[in-house]
Amino acid sequence: MNWLRSIVLGTAILLASTALGQITGIEPLKGFKLVDYYHSPSGKQTKKAVLTAAEGRIITTEIYYLVHPRIEHYNEDGSLLGVATAVDAMIDLPANIVWGTNVISFRGAETNLYLTGRGFLWQPSNTVLIISNQSYTWIDRTRFTNSPSKK
Amino acid sequence: MKALWILLLTTVLLAYAQEKSNAPVVPPPLEQPPTRPGLEIVADFAILDLKSNMVHYSNNVVVTDPPSKPGDPLTVLKCRELTATRGADGRLGQIDMVGDVQMDQGDLHARGQLAVYTASNETVVLTGPWPPLNSDRPLLFSSQYTNDATEIIYKRLEGKMFWRDPRTFIPRSAMTGTNSFGQTNKLFSPLPGKSSPP
Chain A
1 MNWLRSIVLG
11 TAILLASTAL
21 GQITGIEPLK
31 GFKLVDYYHS
41 PSGKQTKKAV
51 LTAAEGRIIT
61 TEIYYLVHPR
71 IEHYNEDGSL
81 LGVATAVDAM
91 IDLPANIVWG
101 TNVISFRGAE
111 TNLYLTGRGF
121 LWQPSNTVLI
131 ISNQSYTWID
141 RTRFTNSPSK
151 K
Chain B
152 MKALWILLLT
162 TVLLAYAQEK
172 SNAPVVPPPL
182 EQPPTRPGLE
192 IVADFAILDL
202 KSNMVHYSNN
212 VVVTDPPSKP
222 GDPLTVLKCR
232 ELTATRGADG
242 RLGQIDMVGD
252 VQMDQGDLHA
262 RGQLAVYTAS
272 NETVVLTGPW
282 PPLNSDRPLL
292 FSSQYTNDAT
302 EIIYKRLEGK
312 MFWRDPRTFI
322 PRSAMTGTNS
332 FGQTNKLFSP
342 LPGKSSPP
């Protein structure tokens with residue numbers, strides 16, 4: 001039965017090494033949520049951006065990998081400005097930036113602006129989204145311009 | 152021996168649990184573009200600045216504008232860089248197109264270096280030279296004539312183009328024909344309306 005002992009021992013070593021790798025390297029992440037705020041001089045905080053992801057991985061204590069992240073952006077009066085969704089993304093917490101090499105889509109709250117592309121950098125602090133490849137924008141002219149309404 | 156079987160069973164269960172936890176999550180659908188017609192902008196690179204209500208594009212920028220009147224041809228604009236800004240009222244304010252601007256609408260073609268679209272009057276003003284044809288002014292041409300002018304003005308709501316201080320170029324082939332005067336006169340006739348904007 002030496003062969004059986006070898007298999008069991010090998011499997012145990014493999015599992016142990018995998019578990020060790022998860023603890024020291026890539027740790028699973030569930031239910032990620034990060035909220036950024038506007039800071040008014042009076043000290044009142046209003047929601048600026050909410051980044052959520054159902055799951056991901058903790059790469060380091062400061063950098064996370066997120067699967068299907070969703071970023072909601074709000075005006076200072078609390079109304080929704082737009083929503084961005086991506087296939088996946090990385091977030092650097094100290095630098096406060098989100099980036100990815102995959103597809104991202106953004107839709108304005110009033111559905112009069114839609115933007116998508118591949119490869120992006122999102123800076124929540126200054127509300128800037130940079131798309132580095134294959135950008136496509138759709139603008140509803142009837143809502144954005146003074147042309148006759150076609151609604 | 153029994154302990155070995157228990158250990159083996161445990162490892163199999165652990166492996167199954169890990170596999171289950173790694174199972175791919177069904178992705179939520181990405182935001183999709185509306186299906187109704189709208190202004191479309193394609194480019195290699197884009198910056199959306201929500202705080203300052205500005206979108207900037209560069210590298211192979213192509214704008215497709217559906218006609219304001221049904222049945223009219225599409226207007227397609229190409230340039231190197233494009234910046235669109237929104238006014239305080241949330242509507243599109245101005246679009247600046249810079250660098251080798253090409254404006255095509257059916258058989259009408261305009262060329263220049265700077266095009267400024269103002270949303271309040273739905274007008275595009277094209278200025279600047281067109282070096283590929285050694286023109287120091289913007290060009291407007293069709294299959295029947297070629298004009299240059301200090302400014303070429305496209306009024307979107309009317310679907311017409313106008314120009315300031317125009318010069319008309321007659322193709323050499325038209326002048327060497329047996330009926331050159333007739334062809335020359337014919338060249339002037341299809342110009343849309345006036346030689347200067349109203």
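Protein chains in written order, with the numbering used here: chain A, 1 to 151; chain B, 152 to 349. All C-beta atoms in this analysis are idealised placements derived from N, C-alpha and C, irrespective of residue type, glycine included. Computed from a predicted structure; not experimentally measured.
A check of alpha carbon separations from B/A194 across B/N210, B/M205 and B/A270 identifies B/N210 as the nearest. In this structure A/L115 is in contact with B/L199, their Cβ atoms being roughly 6 Å apart against a cut-off of 8 Å.
Sequence-distant Cβ neighbours of B/S203 in its own chain, meaning closer than 6 Å and more than five residues away, do not exist here. An exposed status is given to A/H39, since fewer than 16 other beta-carbon atoms sit within 10 Å of its beta-carbon. Residue-level contact check: B/K306 does not touch chain A, since none of the beta carbons of chain A fall below 8 Å from its beta carbon.
Counting along the chain, the unbroken beta strand (DSSP E) around A/E55 starts and ends at Q45 to I58. Take the alpha-carbon of B/A197 and the one of A/I130: they are about 6 Å apart. The three-state reading of DSSP puts B/L155 in helix, counting H, G and I together. Scanning chain A for C-beta atoms nearer than 7 Å to the C-beta of B/A194 yields S135, reported in chain order. Below the 7 Å Cβ cutoff, chain B contributes F196 as neighbours of A/S132, in chain order.
In this structure, the CA atom of A/N112 is about 57 Å from the CA atom of B/L160.
Burial state of A/T127 is buried, judged by a 10 Å Cβ sphere holding 16 or more other Cβ atoms.
Residues of the same chain with a CB within less than 6 Å of the CB of B/R315, apart from the 5 flanking positions on each side, are A300, T301, E302 and S347 in chain order. Rounded to the nearest angstrom, the Cβ distance from B/E232 to B/V212 is 7 Å, consistent with a contact under 8 Å. Residue contact with chain A for B/L291: absent (no Cβ-Cβ distance below 8 Å to any residue of chain A). Contact with chain A is absent for B/K153, since none of that chain's Cβ atoms lies less than 8 Å from the residue's Cβ. Separation of the CB atoms of B/L201 and A/L81 is rounded to 6 Å, and the pair is thereby assigned contact status at 8 Å. Looking at A/I71, A/P41 and A/K47, the one whose alpha-carbon comes closest to that of A/W122 is A/I71. With respect to chain B, the C-beta atom of A/V98 has no partner C-beta closer than 8 Å. Ranked by Cα distance from A/G78, the options A/G117, A/N133 and A/K44 are led by A/K44. The beta-carbon distance between A/A49 and A/Y74, rounded to whole angstroms, is 7 Å. This is short enough to meet the 8 Å contact definition.
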